[in-house]
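For reference, the structure is listed below as structure tokens.
What follows is the structure, encoded as structure tokens:
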């Protein structure tokens, strides 16, 4: 089996010496200019200048990327862009994570927003044009270098070569000259399609079938000790007093947790478990703010309140529900959810008096150097952050709580520490997908069209909790995303947001963020209105997309999924279909679920169909994988996903009570990528939001029962259907 | 401290640990530096830690080192030199199965265990209780059809 085709720092350094990893090659740094931004980045601690493209002496081209690989195939997709511009051969292409950069502007910051973060389905969207331009500039600089070094008029060949009549040179022959040249400020993009739009094999897959891929949890550095944590069992509690360590075991006060350092992870986790009851904790005073039942009652009152201040994001046409109109007044309810990444939170830190080195599975490089500097007093220039592969991110690995803990533990112990959370700690100390109650009042006009819609989202607010918005002006684009910018024509519409406060359950970004709850409410409500109108729900949606302001891309995916699912033909006895649509993350997506009832009367999902228009489809194979994954993830949440809390205590500790879909429960999936030459849209988040509403809509069609509260089957154990 | 002799991927590894109850998972990962076998749940539910013991899939999070001692252990690092292992790895690459890849060591070990028990093609699916949060199941189904 071929070894890793993706070079990812750090290499494994085991007690038996080096295990796996690729042989170190001399990487000649090749700095190129990207638009008005500097593309030169000082690699912390190395004294060398890095950039986006490195070419080594054997003509291997390594693309250095600020985006994090967490399974979405981004290292491969972005490397394809560079391969296209440089006319490479795929077997000479490598990709690696960039170091966390502290330069300003950050050369590895996503060009959409500047920061070195991965999330919101922004990597391809942000990098598609700039990275192609960077690679095109690199190409022109290499050609100019060949002209300078050898004389004559050189041009680009294939496979990392340059040609001049019968002469051929490798990139490697001119890269040192190129590195000293002033690159042009722009270049013409390639018109070939050898890589863009092609199902290139992923660069990271060989290492992910032979055990050599290094995830954060796999990092090994010389002299390293192993760590675990014991958080207060009540969310928000802090350490008041803690027991002393014992021989071979060091305990560290981490504020909200006690860190345990030992000679192996198992011992550390055993000790962490055993001290839970001997630590004395200071508990939070408002336990109702960390209680899901109490929060639900507060939310219900807010959905009904006529006096509470609301943030109004959309207000057109003064919507009102006339007594004689056909109408609905319904409330959808969505639970807190855990991320449950397969790889638990972990981080390895090596803190000395004058340096910090960190190896971490992170989506949030931008935050880490500053955090480490604050915690240790070491200047940013002496702090190195390596990004490993992520065993799933899903939004959880934006956060830096586990990074801070590892830094503090290494600092206290004076040795490198690899901190690994137990699964129980991971479930109990997440930043949960916000709980939401969404009340929808809607009415049809006398032509049977949806004319008035009043949408009130009451949800625990990430922004309010983090102080990103003031409570008297809680403009929370995250909480309302998926409810504001609808392509449907609805003459009168109001969209309100009321933050659920106080809520002290930690909140975070969960795959598909606001759309994960708003799309459920919007698309279920539209289905309810179609039913009220006696209309076909897919045609009802299409009718709201036609007309002079019609959205052709939205219409395109609905028509594509209509055809793919054979919508116009009845699905057979005991089976029903439901549809849902979403535009978001720069893409358009529609799904159809085909469901039936099991012998015990339970929902069975037999088929899922999806049509997506995500603009230029850089790697259709990766896009299909993301949709398959989004459907799987969405189904687990729809059927079973729920975190509840009683007076601050999370009621789920492990996968046995937090079911995830298994192989035998998978439906058949059909996917159509709609041809599009629009700018690339996102796909990582995009596959999730339509899953729950398409299933709920199909179930309502089948049974007449409208499921407005998720999950369908709370309290299910893993493996039960 | 007791010493155990582990036979892993055809090689002998003496390990000295403080406690013979330590799960094989952590001995592999922390004491032997073989990190291909993953920690997922620690309660035998998710399957990320699956290894073969005498040819049968076992959750290494719940098998003590003393219990594993003297038996033939195969981990993901040994698949490349195993006939069924090689086939499974090739099918995984051919069908571009992994996304994040974290569960795939366990998924492959369960697959290879099923192959060694005589299961072929779609039958293997019935033996795969492993959890993949990325949702690579559709491609796993395609890959195992070829085995």
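Chains as they are written, first to last, in my numbering: chain A, 1 to 721; chain B, 1001 to 1147. Every residue gets a Cβ at the ideal spot worked out from N, C-alpha and C, and that includes glycine.
Counting only C-beta atoms, is residue i closer than 9 angstroms to chain B at any point?
i: residue 22 of chain A; result: With a pLDDT of 30 at residue 22 of chain A, under the threshold of 50, the modelled position of that residue is not reliable, and the figure given next carries that caveat. No, residue 22 of chain A does not count as interfacial toward chain B.
i: residue 215 of chain A; result: yes
i: residue 690 of chain A; result: no
i: residue 707 of chain A; result: no
i: residue 259 of chain A; result: no
i: residue 713 of chain A; result: no
i: residue 555 of chain A; result: no
i: residue 719 of chain A; result: yes
i: residue 206 of chain A; result: yes
i: residue 47 of chain A; result: Any answer about residue 47 of chain A is weak, because its pLDDT of 31 lies below 50 and its placement is not dependable; what the coordinates show is given next. Chain B, which has no Cβ nearer than 9 angstroms to the Cβ of residue 47 of chain A, makes this no.
i: residue 716 of chain A; result: no
i: residue 724 of chain A; result: This structure leaves residue 724 of chain A out entirely; chain A is present only between 1 and 721.
i: residue 669 of chain A; result: yes
i: residue 625 of chain A; result: yes
i: residue 242 of chain A; result: no
i: residue 42 of chain A; result: Note on residue 42 of chain A: pLDDT 36, under 50, position unreliable in the model; the coordinate value appears next. No, its Cβ sits nowhere closer than 9 angstroms to a Cβ of chain B.
i: residue 630 of chain A; result: yes
i: residue 220 of chain A; result: yes
i: residue 119 of chain A; result: no
Among the options, which has the Cα closest to the Cα of residue i?
i: residue 98 of chain A; options: A:619, A:86 and A:53; result: A:53
i: residue 255 of chain A; options: A:711, A:610, A:558 and A:281; result: A:281
i: residue 496 of chain A; options: A:515, A:351, A:310 and A:201; result: A:310
i: residue 695 of chain A; options: A:659, A:644 and A:635; result: A:635
i: residue 284 of chain A; options: A:267, A:698, A:237 and A:492; result: A:237
i: residue 708 of chain A; options: A:465, A:331 and A:440; result: A:331
i: residue 697 of chain A; options: A:234, A:580, A:510 and A:651; result: A:580
i: residue 354 of chain A; options: A:381, A:362 and A:334; result: A:381
i: residue 753 of chain A; options: A:655, A:716 and A:458; result: There is simply no residue 753 of chain A to check, as chain A begins at 1 and stops at 721 in what is shown.
Could you check whether the Cβ of residue i sits closer than 9 angstroms to any Cβ belonging to chain A?
i: residue 1002 of chain B; result: no
i: residue 965 of chain B; result: The structure shown does not extend to residue 965 of chain B, since chain B is modelled only from 1001 to 1147, so the question has no answer here.
i: residue 985 of chain B; result: With chain B covering only 1001 through 1147, there is no way to say anything about residue 985 of chain B.
i: residue 1031 of chain B; result: yes
i: residue 996 of chain B; result: Since the first residue of chain B shown is 1001 and the last is 1147, residue 996 of chain B is not available in this structure.
i: residue 1020 of chain B; result: no
i: residue 1087 of chain B; result: no
i: residue 1052 of chain B; result: no
i: residue 1112 of chain B; result: no
i: residue 1075 of chain B; result: yes
i: residue 1068 of chain B; result: no
i: residue 1034 of chain B; result: yes
Can you pull the chain A neighbours of residue i, defined as C-beta to C-beta under 9 angstroms?
i: residue 1023 of chain B; result: 266
i: residue 1079 of chain B; result: 1, 209, 210 and 211
i: residue 1141 of chain B; result: 663 and 666
Whose Cβ in chain A lies nearer than 7 angstroms to the Cβ of residue i?
i: residue 1041 of chain B; result: 423, 654 and 655
i: residue 1128 of chain B; result: 663
Mind listing the chain B neighbours of residue i? Cutoff is C-beta to C-beta under 9 angstroms, in chain order.
i: residue 94 of chain A; result: Per Cβ cutoff of 9 angstroms: no residues; residue 94 of chain A is ~17 angstroms from chain B at best.
i: residue 633 of chain A; result: 1133, 1134 and 1135
i: residue 389 of chain A; result: 1100, 1101 and 1102
i: residue 235 of chain A; result: Correct list: empty, because the minimum Cβ distance to chain B is about 21 angstroms.
Give the interface partners of residue i over in chain B, defined as CB-CB distance under 7 angstroms, in chain order.
i: residue 202 of chain A; result: 1096
i: residue 409 of chain A; result: Under the 7 angstroms cutoff, chain B gives no residues; its nearest Cβ is about 16 angstroms from residue 409 of chain A.
i: residue 197 of chain A; result: Those do not exist, as residue 197 of chain A stays about 16 angstroms from chain B at its closest Cβ, beyond 7 angstroms.
i: residue 286 of chain A; result: Ordered by position in chain B, no residue passes the 7 angstroms Cβ test against residue 286 of chain A, which lies about 32 angstroms from the chain.
Residues of chain A with CB under 8 angstroms from residue i, in chain order?
i: residue 1048 of chain B; result: 342
Which residues of chain B have a Cβ atom closer than 8 angstroms to the Cβ of residue i, listed in chain order?
i: residue 226 of chain A; result: 1030
At the 9 angstroms Cβ level, is residue i part of the contact set with chain C, yes or no?
i: residue 263 of chain A; result: Checking the listed chains, one finds no chain C in this structure; the protein chains it contains are A and B.
Could I get the ranges of all uninterrupted beta strand (DSSP E) runs contained in the region 1056 to 1090 of chain B, with 3 residues as the minimum, in chain order?
1056 to 1059 and 1072 to 1074
Within the region 656 to 686 of chain A, note down every full beta strand (DSSP E) run reaching 3 residues or more, in order along the chain.
668 to 673
With 9 angstroms as the C-beta to C-beta threshold (strictly closer), list the residues of the region 580 to 611 of chain A near chain B in chain order.
none
Along the chain, which unbroken stretches of the alpha helix (DSSP H) at least 4 residues long are found entirely within the region 169 to 202 of chain A?
171 to 179
Identify every run of the alpha helix (DSSP H) within the region 356 to 425 of chain A, keeping only runs that are complete inside it and at least 4 residues long; order them along the chain.
365 to 376 and 401 to 413
Report the start-end ranges of each beta strand (DSSP E) in the region 81 to 107 of chain A that is 3 residues or longer and not cut off at the edges.
93 to 97
Going along the chain, which unbroken runs of the beta strand (DSSP E) with 3 or more residues stay wholly within the region 448 to 534 of chain A?
450 to 459 and 492 to 499
Residue ranges of each beta strand (DSSP E) run of no fewer than 3 residues wholly in the region 233 to 306 of chain A, ordered along the chain?
238 to 241, 250 to 253, 257 to 262 and 280 to 282
In the region 51 to 75 of chain A, which residues sit with their C-beta less than 9 angstroms from some C-beta in chain B, listed in chain order?
69, 70, 71, 72 and 73
Check each residue of the region 673 to 686 of chain A: if its Cβ is closer than 8 angstroms to any Cβ of chain B, include it; give the result in chain order.
none
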